[in-house]
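S.K.: In short: position in the sequence shown from 1, add 20, done, that's the numbering used here.
Just so it is clear, CB atoms sit at the ideal spot from N, CA and C, and this is done for glycine as well.
Shown below is the structure under consideration.
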Amino acid sequence: MGTVVVADADLATLGFSSAHSDRYVYSNYFVPVQLTFGGGETPLLPFYVKQALIEATRYGGISADRLPHLLKELGLSEVWKANDMDAAEAALPGVDSGMINREPPARRQTVLGDQEAEFIAGLLQSDVGIAFLDRTRIRPVGFALGEHVYALALAPGEEAVLEQRTYTKRELTLEEQNETEQQTDVELTSALTTELQEGFERQKSLTDTWGLNASHTGQYTSPTGVWGTFNASHTIGYTRSVTEASQETSRRAVKDSQTATSKVAARYRTQHKTDFKLVSETGMESTSKRTVRNPNRVTPITLHYFKVLQRLELAHERYGARVCWAPTVKDPALAFARKITDGRQRIRDNALAALPTMPVKPVRPAPGVPAAVETRTIYSPVVTLDKWGFTGDMSADYDIDVVFDSGWEWDGDIETIRQNLTLITRRPPSGIAARVVGVPVVTDSNGQPALRVRIHVGAASWLAGPGADVQLAATFRRTPTMVDQNADDAAYNALVAGYLTDLQEWQDRRDAVLAAAEEAGDEFEARLRNGFSPVNEMVSQIIEAHFPASVRDEAWEIDFWHRVFDWERASFVSYPGWWSGGDARAPERDPSDFLNASWAKLYLPVRAGMELAALRWIFGKVVATRLPQEVEHQLAAFVDELAAFRTSHLGTGDEMPDLTSECQEVPERVYCLAKWTELMPTDGTHLEVVQGATTAADAVTSQEITDAEALRAALLDGELQTNRLKTKAYDQMTEPADVDIHLGTPGNSSPTA
21 MGTVVVADAD LATLGFSSAH SDRYVYSNYF VPVQLTFGGG ETPLLPFYVK
71 QALIEATRYG GISADRLPHL LKELGLSEVW KANDMDAAEA ALPGVDSGMI
121 NREPPARRQT VLGDQEAEFI AGLLQSDVGI AFLDRTRIRP VGFALGEHVY
171 ALALAPGEEA VLEQRTYTKR ELTLEEQNET EQQTDVELTS ALTTELQEGF
221 ERQKSLTDTW GLNASHTGQY TSPTGVWGTF NASHTIGYTR SVTEASQETS
271 RRAVKDSQTA TSKVAARYRT QHKTDFKLVS ETGMESTSKR TVRNPNRVTP
321 ITLHYFKVLQ RLELAHERYG ARVCWAPTVK DPALAFARKI TDGRQRIRDN
371 ALAALPTMPV KPVRPAPGVP AAVETRTIYS PVVTLDKWGF TGDMSADYDI
421 DVVFDSGWEW DGDIETIRQN LTLITRRPPS GIAARVVGVP VVTDSNGQPA
471 LRVRIHVGAA SWLAGPGADV QLAATFRRTP TMVDQNADDA AYNALVAGYL
521 TDLQEWQDRR DAVLAAAEEA GDEFEARLRN GFSPVNEMVS QIIEAHFPAS
571 VRDEAWEIDF WHRVFDWERA SFVSYPGWWS GGDARAPERD PSDFLNASWA
621 KLYLPVRAGM ELAALRWIFG KVVATRLPQE VEHQLAAFVD ELAAFRTSHL
671 GTGDEMPDLT SECQEVPERV YCLAKWTELM PTDGTHLEVV QGATTAADAV
721 TSQEITDAEA LRAALLDGEL QTNRLKTKAY DQMTEPADVD IHLGTPGNSS
771 PTA
């Protein structure tokens, strides 16, 4: 016989309770902070700003004697002395002759003068600030009655079958330079409980990422990730206090979030529609349809349908505050474009190197002498590049002459010139490049024939960077001369015929190899573009510019930098290419796209607890040693102020939970900035019934109803009398008796006893 086994389940685990279903949309706000000496007006300068200021006096055309007057005009008389600029100037290497002798950039005179004070003020702007980590909590809290959508009138006894259909139509149009339009129609059957989050993220992406199209700010940020991008738009100047920065970003963050959610909710409520239609059906009733009936015989009713809206509570919360470094890069896609150009050139060069030697045209020989052509490689003089921009950049053309003797001619091989084009400079290959422009031409140079080659040189910005020289070479051959008419024309013609045949075969093979190289180059470029990450590219350039190889050639150094900076949260913003002029690298893309951008700013947050180490590197480029006492004091005061802000708003100074007991429950510590509510559409409807004030009864029907009411009243009175008789008979019975008692009016018979 079986044994009954009962599961001993805890009843508490079988119960249900209400819980919030929260969703989050993340965003970040950056405010620059000006660190000053003693809380005054004198800013604390990072090492790269010191170098830029010194180089501006050496190569930028600003007189060192006038600099004190400019600083006094800006109210910063103590900047030079407080930041120990004399020691920095002594430590900076000597003057670069290639930069000091360059021609000053051409400037159109204006009534404003040279505006050197504004240039100095721009150099002294702070790249260090506070990044506030925010999120918007979306919490469903209930329902609300919406607008009236349909009214259905039913006559007495009428029955109708309703089909309710609810759908949402969303239209998305993306306008780009190629005038591409994309439209998406989505019919949703859910209650749209998650749509506000998706729409909110998209709205913030339109406002922050595609600012050019949404708010006309002319910038492009990195794609929205898990933690959102950094928003520094409309920041008013800078601040000297973490509290002031928090107050400024709080107002702006709440306004941005509330505006975005209001736009999304209003758009969804507008596009959400509920349709009702009457249908006639034969046969079996479908379960997807609703049957409504008027139960009244003579009174009509009206059914009023209302939308049921979901009530959402939104709260903008601050869950972190980080020190953030925001350096800038000019022409950020230069290195990436050079990778593509060098890769294609390398593929082309490898393909040409695999070809056999180009056939040489024979020279008419003397009788009995085999045909031969004499060739010679001639180098141009070394030319110093002098068309530098104000910030040490360059985008200029140069004409270089290769002088050769009479009786010789250029062999027409441009590839030889390209291969022998050499830049002589201390700049890295990623920061300067040169290429041959057009076709070289033979001209006259001081009475001698010369081959004039035009080259274009492009260089990234490097204020007071090293200069550069260029040299190239070309191949020449001796010009054929008239020989004795008695030479063996038949032998020479045979040599020429063989040369032409070999040349045609070589050219056909070269064309095929170059076509295959172009296809391979296209594939190479497509692979680079598919794996291209603007954030990674920006990080690479910042590391190249501010992290010398000596501080990143050991494993512990790389580990140290990853513990100091939060590379995963790094974000960037780029500015349109129209600020720098020139042709766009990718004309089919937006002017603010990273590939076409003129400038870009990287936002690199510092991990909580590593602020002092990061600030020491940013301001003094030191890792293990300490900075001067006054500088250390100001940096420590700033870090302490940030820790105090975190403690008062987030509970702890490092944003980590404070564990003081075993198995302690960790509460969520965030600082709520503001709350508001939004209404979102659902697929539900609410029904209200309104009874008609008039009836559809005629005189006969009214009399029937009156008679029925009188008969019902009589029947009720008879039932009351019967109950009273039953009660009285029960009270009078004292002993058993065989008595049949019939009460009431069965059928049409008379009452009997």
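Could you name the residues of the same chain whose beta carbon sits closer than 6 angstroms to that of Pro460, not counting the 5 residues immediately before and after it, in chain order?
M.R.: Leu471, Val473
S.K.: Can you tell me which of the three DSSP states Val402 falls into?
M.R.: coil
S.K.: Going by other Cβ atoms of all chains shown within 10 Å of its Cβ, with 16 needed for buried, is Gln330 buried or exposed?
M.R.: Of the residues assessed, Gln330 falls on the buried side of the cut-off, its CB having 16 or more other CB atoms within 10 angstroms.
S.K.: Return the CA-CA distance between Ala694 and Ala335, expressed in angstroms with no decimal places.
M.R.: Each residue's Cα considered, the two are about 6 angstroms apart.
S.K.: Is Pro124 helix, strand or coil by DSSP?
M.R.: Only weak support is given to the placement of Pro124: the predicted model assigns it a pLDDT of 48, under 50, and the question is left unresolved by the model.
S.K.: Could you tell me the boundaries of the beta strand (DSSP E) in which Glu708 lies?
M.R.: 691-711 is the span of the beta strand (DSSP E), which, as asked, contains Glu708.
S.K.: How would you label Asn550, buried or exposed, when you count the other beta carbons within 10 angstroms and need 16 or more for buried?
M.R.: exposed
S.K.: Val533 and Ala371 - do their beta-carbons sit closer together than 8 angstroms?
M.R.: yes
S.K.: Using a 10 Å radius around the Cβ and a threshold of 16 neighbouring Cβ atoms, would you call Ala590 buried or exposed?
M.R.: buried
S.K.: Quick check: what's the CA-CA separation for Gln654 versus Thr672?
M.R.: The alpha-carbon atoms of Gln654 and Thr672 are separated by roughly 22 angstroms.
S.K.: One question on the structure: do Glu394 and Thr499 come within less than 8 angstroms of each other, judged by their Cβ atoms?
M.R.: no
S.K.: Along the chain, where does the beta strand (DSSP E) containing Gln468 start, and where does it finish?
M.R.: 468-479
S.K.: Decide if the stretch 559-578 is in contact with the stretch 347-354; the criterion is three or more beta carbon pairs, one per stretch, under 8 angstroms apart.
M.R.: Yes: the two stretches touch, three or more of their Cβ pairs being nearer than 8 angstroms.
S.K.: Return the bridge partner residues of Asp464 from the DSSP annotation.
M.R.: Beta-bridge pairing by DSSP links Asp464 to Pro469.
S.K.: Please report the distance separating the alpha-carbon of Gln711 from that of Arg689.
M.R.: 54 angstroms
S.K.: Quick check: the Cα distance between Gly162 and Val686, rounded to an integer number of angstroms?
M.R.: 28 angstroms
S.K.: Is the beta carbon of Leu323 less than 8 angstroms from the beta carbon of Leu707?
M.R.: yes
S.K.: Can a CB atom of chain C be found closer than 8 angstroms to the CB of Met630?
M.R.: In the structure shown, chain C cannot be found, because there is only a single protein chain.
S.K.: Let me know the alpha helix (DSSP H) ranges lying completely inside the stretch 341-374, each 4 residues or longer, listed in chain order.
M.R.: 354-373
S.K.: For Arg529, which residues from the same chain have a beta carbon less than 7 angstroms from its beta carbon, with the 5 sequence-adjacent residues on both sides left out?
M.R.: Leu375
S.K.: Which residue's Cα is closest to the Cα of Ala617: Ala606, Tyr623, Leu624?
M.R.: Ala606
S.K.: Got a sec? Which residues, its chain only, sit under 6 angstroms from Gln197 by beta carbon, not counting five neighbours each side?
M.R.: Caution applies to Gln197, whose pLDDT of 40 falls short of 50 and renders its modelled position unreliable; the value that the coordinates give is listed next. Cβ neighbours of Gln197 beyond the five flanking positions: none.
S.K.: Find out if the Cβ-Cβ distance for the pair Ile158, Ala341 is shorter than 8 angstroms.
M.R.: no
S.K.: Whose CA, out of Asp419, Tyr339, Arg366, lies closest to the CA of Thr463?
M.R.: Asp419
S.K.: Using C-beta distances below 6 angstroms, list every residue in its chain close to Ser415, excluding the 5 sequence neighbours before and after it, in chain order.
M.R.: Gly478
S.K.: Determine the closest residue to Ile321 out of Leu731, Ala716, Leu735, Thr445, with distance taken between C-alpha atoms.
M.R.: Ala716
S.K.: Note down, in chain order, each residue of its chain lying with its Cβ closer than 6 angstroms to the Cβ of Glu178, except the 5 sequence neighbours on either side.
M.R.: Asn314
S.K.: As an exercise, report each continuous alpha helix (DSSP H) stretch of at least 4 residues that is fully enclosed by the stretch 540-576, in chain order.
M.R.: Every unbroken stretch of the alpha helix (DSSP H) spanning 4 or more residues and falling wholly within the stretch 540-576 is given here in chain order: 554-566.
S.K.: Quick one: residues in its chain with C-beta nearer than 8 angstroms to the C-beta of Ser37, no 5 flanking neighbours on either side, listed in chain order?
M.R.: Nothing listed; no residue qualifies.
S.K.: Pick from Leu94, His582, Glu93, Ile74: whose alpha carbon is nearest that of Phe111?
M.R.: Note on identity: in this sequence residue 111 is Ala, with Phe being the wrong assignment. Ranking Leu94, His582, Glu93, Ile74 by Cα distance to Ala111 puts Ile74 first.
S.K.: Going straight from the alpha carbon of Val709 to that of His40, what length do you get?
M.R.: 33 angstroms
S.K.: For Ala620 and Met558, what's the separation of their Cα atoms in angstroms?
M.R.: So the two alpha carbons sit approximately 8 angstroms from each other.
S.K.: From the DSSP output, which residues share a beta bridge with His89?
M.R.: In the DSSP output, where bridge partners are listed per residue, His89 has none listed.
S.K.: Report the three-state DSSP secondary structure of Arg627 (helix, strand or coil).
M.R.: coil
S.K.: Where Leu745 and Ala728 are concerned, what is the direct C-alpha to C-alpha distance, given to the nearest angstrom?
M.R.: 26 angstroms
S.K.: Taking the alpha-carbon positions, what's the Trp598 to Pro611 distance?
M.R.: Rounded to whole angstroms, Trp598 to Pro611 spans 7 angstroms at the Cα level.
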